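Those protein sequence lines, which keep their order, are chains A and B.
Those letters in the first sequence? Residues -12 to 331, per my numbering, in order.
Those letters in the second sequence? Residues -12 to 331, per my numbering, in order.
Below: the structure, in structure tokens.
2 protein chains.
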Amino acid sequence: MELGERKLLILQAIINDYIISAEPVGSRTVAKKYGMGISSATIRNEMADLEDMGYLEQPHTSAGRIPSNKAYRLYVDRLMKVKSLSVSEAKYIKEFYKKKTRQIEQLIFQTAKILSDITNYTSVVLTPQLNKVLIRRIQLVPLEPEYALLVIATNSGVLKDSIIPIPEGISPDYLNRISNMLTSVYKGKTFDEIDINTVLEMQNDIIKGRAFFNSLVDALTESITANEDKEVYLGGPTNIFNFPEYHDVLKAKAFLDLLEEKELLYKMLSKPEKNGVSIVIGEENEHEDLKECSIVTATYKIGDKVLGTMGIIGPTRMEYSRVVAVIDHMGKSLSNYLTRLFNK
Amino acid sequence: MELGERKLLILQAIINDYIISAEPVGSRTVAKKYGMGISSATIRNEMADLEDMGYLEQPHTSAGRIPSNKAYRLYVDRLMKVKSLSVSEAKYIKEFYKKKTRQIEQLIFQTAKILSDITNYTSVVLTPQLNKVLIRRIQLVPLEPEYALLVIATNSGVLKDSIIPIPEGISPDYLNRISNMLTSVYKGKTFDEIDINTVLEMQNDIIKGRAFFNSLVDALTESITANEDKEVYLGGPTNIFNFPEYHDVLKAKAFLDLLEEKELLYKMLSKPEKNGVSIVIGEENEHEDLKECSIVTATYKIGDKVLGTMGIIGPTRMEYSRVVAVIDHMGKSLSNYLTRLFNK
DNA sequence: GATTAGCACTCGTTGATTGAGAGTGCTAAC
DNA sequence: GTTAGCACTCTCAATCAACGAGTGCTAATC
């Protein structure tokens, strides 16, 4: 069967209406609200066709129809016109990026908050991926005679700091020398490229005490392999309650519990390597509890390097056109900001 | 009216039953389950008295009775026997504190998780309060020619780090000298005691560039006054769904939204300065959305210094005896751990 | 041949009614 | 002072009918 012009118009009308109302849309509603000079009976016939073609579904016989995942996919790929941001929204975002925040966590957190505030959906923003980040400096900072602080600074903020014990008789000056040496070896590399063996080879060279050496290697290894730093910031987690499809307590709990699984979120969102905005709709999600959700993601970068991802999660019936506009804008804003701040 | 022995027994029975069942308790139930050799009619009379005295409430005429806030207060103050932890629980906690975690955030986060896992309620743990924490070292770490990292190390981990721009022609060695000087001035002080004027006075002494000086003072001031560091970690936020009193979507949303208000939580929990476990029951809470909740808190310390607070939030009908046992134990465990790790 | 009016049919929603069950308070007997 | 007995109250769950939204089909119309 052909997917003619009129069918497309009707489908679009149904999707638009359903996105707003969350109620199955009937033929009369389409005829009246989106009056296109044809009667409800004609629309009924077309709707029956659209159902046969897999674009519409009927919850039960005497209800209207709701769009299928296939319909949403068609919608976002072909039908949807991306709205541009409202003036006040754009201004709100711009204002935010004016004030200098030096702490990257704060920045990411605020980004999540803005996303959820503007869209009224739940947002997720990943902190920069370690393996994309360049080491700038490794510094051992003396704290007390027995402890030193290992700081690893990168081109997107300080990513790691841990306290390591040091044996007696090691001077701040000596720590400084080690720091300089480590920095010279690893500067400009990513965490992926760090080879712990390089450190091991230094042993004979300038490292004095065994205990200290072990602590240092431990701390470094921990820094490199640590996945705790894969942090995920949420915005408006309870926004999901705004939608009637989540007025069910069990469903809401499942959703919120999912949001607590940071590793899972991280894995899911960091997948789309590709630049720009991408959309995953309903059943396309792998995770069971997300089969009724859609996720719109965008990446953010420093210079040309993709550092992380931000996403909006909401019911399949999502205001895609608005969400895409917002997240695209935010991705670019954050990238600009970071690039200005950290890129040389 | 007298609050005799038998009345207390009956009250206790009703509280115990209601804590488990969440259903109003009737006279027959008390007679049967907590058989104390008296008939349901007698118990009915006693219950009527207890209601007159304000210890019991009746949701409606033909329902059983539920304990009032006053009853819970009496219960936690006089009736309750604090259970000791189960062997497996104690072991679980002990195991956790065996493995060395050097990062304080990680530690706090895990503490929250353990609390909620063991109790099945929602837990809240505050990060150490800045004004209680002693500065150990202030260090400017050079990153690139134009940027340095300001690290403030304290006796409970690294609490602040921000990036500040530095003007040209300032050598790492010079940064080191400033660091040493700042450290010598502020070491052993708390953030409260820092007087920014002291820094201003140095101006004529060793500070060279105006721009740099301003950045430094800005960053320091930000560190001192920043309240972003008042972080709050949650454990098991959705545990609230376990309780029938929160099967209502609106109530649940209100509760979860409250948990997102970190500053508010911080203020509420950091109030009880006193050592040990304290309990706030239902109406005693100031916040409207907590009038049906109880909060059990304990403090944690380094040495003798109270650093922060942990809390369990649940419905008024809470298993106080178990919760008190758990949180008391956790408070002490965390204090021991921190003291061993950081106190000299 | 496409469109439309008309109509019978389906099915979920709403509101009223009803009976069962739980629990109480009171009275009178023990 | 305690208890058995009983009328009374109130909630909860089940049942049922009326309603309305929406459909699919048929026959008439453009």
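Idealized CB from N, CA, C, for every residue including glycine.
Predicted, not measured: the structure shown is a model, and the values here were computed from it.
Express the C-alpha separation of residue j and residue i in angstroms, rounding to a whole number.
{"i": "A312 of chain A", "j": "K319 of chain A", "result": "11 Å"}
{"i": "L37 of chain B", "j": "Y21 of chain B", "result": "17 Å"}
{"i": "L325 of chain A", "j": "S265 of chain A", "result": "21 Å"}
{"i": "T48 of chain A", "j": "N32 of chain A", "result": "15 Å"}
{"i": "Y253 of chain B", "j": "G223 of chain A", "result": "19 Å"}
{"i": "N214 of chain A", "j": "E250 of chain A", "result": "Bear in mind that a pLDDT of 45 at N214 of chain A, under 50, signals an unreliable position, so the model cannot answer this."}
{"i": "I6 of chain A", "j": "L243 of chain B", "result": "26 Å"}
{"i": "L238 of chain B", "j": "L203 of chain B", "result": "The sequence shown places Lys at residue 238 of chain B, not Leu. Roughly 47 Å separates the two Cα atoms."}
{"i": "E133 of chain A", "j": "I153 of chain A", "result": "5 Å"}
{"i": "N3 of chain B", "j": "Q126 of chain B", "result": "56 Å"}
{"i": "T303 of chain A", "j": "S281 of chain A", "result": "5 Å"}
{"i": "I122 of chain B", "j": "T141 of chain A", "result": "25 Å"}
{"i": "S158 of chain B", "j": "N229 of chain A", "result": "56 Å"}
{"i": "L43 of chain A", "j": "E270 of chain A", "result": "15 Å"}
{"i": "T29 of chain A", "j": "Y307 of chain A", "result": "28 Å"}
{"i": "I139 of chain A", "j": "L169 of chain A", "result": "10 Å"}
{"i": "K81 of chain B", "j": "T208 of chain B", "result": "40 Å"}
{"i": "E275 of chain B", "j": "A99 of chain A", "result": "27 Å"}
{"i": "N56 of chain B", "j": "K70 of chain B", "result": "22 Å"}
{"i": "I(-3) of chain A", "j": "N323 of chain A", "result": "40 Å"}
{"i": "Q(-1) of chain A", "j": "V63 of chain A", "result": "11 Å"}
{"i": "E92 of chain B", "j": "L(-5) of chain A", "result": "53 Å"}
{"i": "V74 of chain A", "j": "F96 of chain A", "result": "23 Å"}
{"i": "K217 of chain A", "j": "L246 of chain A", "result": "14 Å"}
{"i": "N163 of chain B", "j": "A135 of chain A", "result": "15 Å"}
{"i": "M(-12) of chain A", "j": "A35 of chain A", "result": "12 Å"}
{"i": "K258 of chain A", "j": "E279 of chain A", "result": "20 Å"}
{"i": "R327 of chain A", "j": "E(-8) of chain A", "result": "47 Å"}
{"i": "N167 of chain A", "j": "R124 of chain B", "result": "20 Å"}
If you follow the beta strand (DSSP E) that residue i is in, where does it begin and where does it stop?
{"i": "P302 of chain B", "result": "292 to 302"}
{"i": "T177 of chain B", "result": "Careful: T177 of chain B lies outside any beta strand (DSSP E) and carries neither H nor E."}
{"i": "I282 of chain A", "result": "280 to 289"}
{"i": "L136 of chain B", "result": "134 to 141"}
{"i": "N120 of chain B", "result": "Reading off the sequence shown, one finds Val at residue 120 of chain B, where the question assumed Asn. Premise fails: V120 of chain B is in no beta strand (DSSP E) and is neither H nor E."}
{"i": "S265 of chain A", "result": "265 to 268"}
Quick one: which chain B residues come within Cβ less than 8 Å of residue i?
{"i": "A239 of chain A", "result": "F228, V236, A239"}
{"i": "V128 of chain A", "result": "R124, Q126, V128, V138, A140"}
{"i": "T225 of chain A", "result": "K240, L243, D244, E247"}
Go to residue i, then tell me how far its alpha helix (DSSP H) extends in each direction, as first and last residue.
{"i": "V112 of chain A", "result": "Run containing V112 of chain A: none in the alpha helix (DSSP H); it sits in the beta strand (DSSP E), 109 to 113."}
{"i": "K81 of chain B", "result": "74 to 85"}
{"i": "Y253 of chain A", "result": "249 to 257"}
{"i": "K20 of chain A", "result": "14 to 20"}
{"i": "Y233 of chain B", "result": "Neither: Y233 of chain B is in no alpha helix (DSSP H) and is coded neither H nor E."}
{"i": "S8 of chain B", "result": "-8 to 8"}
{"i": "A99 of chain A", "result": "91 to 106"}
{"i": "Y220 of chain B", "result": "Note, Y220 of chain B: premise wrong, no alpha helix (DSSP H); beta strand (DSSP E) at 219 to 222."}
{"i": "A50 of chain B", "result": "Careful: A50 of chain B lies outside any alpha helix (DSSP H) and carries neither H nor E."}
{"i": "D276 of chain A", "result": "Careful: D276 of chain A lies outside any alpha helix (DSSP H) and carries neither H nor E."}
What residues from chain B crowd round residue i, counting only those whose CB sits closer than 7 Å?
{"i": "L203 of chain A", "result": "Those do not exist, as L203 of chain A stays about 13 Å from chain B at its closest Cβ, beyond 7 Å."}
Is residue i close to the ligand HEM? I mean its beta-carbon at under 8 Å from any heavy atom of the ligand.
{"i": "L66 of chain A", "result": "The ligand HEM is not part of this structure, which contains no ligands at all."}
What distance in whole Å lies between the Cβ atoms of residue j and residue i, which are believed to be in contact at a cut-off of 8 Å?
{"i": "F178 of chain A", "j": "V120 of chain A", "result": "7 Å"}
{"i": "S103 of chain A", "j": "N226 of chain A", "result": "6 Å"}
{"i": "I314 of chain B", "j": "V283 of chain B", "result": "6 Å"}
{"i": "G301 of chain A", "j": "Y108 of chain A", "result": "4 Å"}
{"i": "L(-10) of chain A", "j": "M40 of chain A", "result": "7 Å"}
Chain A partners of residue i, CB-CB under 9 Å?
{"i": "L294 of chain B", "result": "None at all; the shortest Cβ gap to chain A is about 16 Å."}
In chain A, which residues lie less than 7 Å from residue i when you measure between Cβ atoms?
{"i": "D315 of chain B", "result": "Those do not exist, as D315 of chain B stays about 26 Å from chain A at its closest Cβ, beyond 7 Å."}
Pairs of beta-carbons, one from the stretch 44 to 61 of chain B and one from the stretch 5 to 16 of chain B, closer than 8 Å: are there three or more? yes
Indicate whether the contact test is met: 3 or more Cβ pairs, each with one atom in the stretch 291 to 299 of chain A and one in the stretch 106 to 121 of chain A, closer than 8 Å. yes
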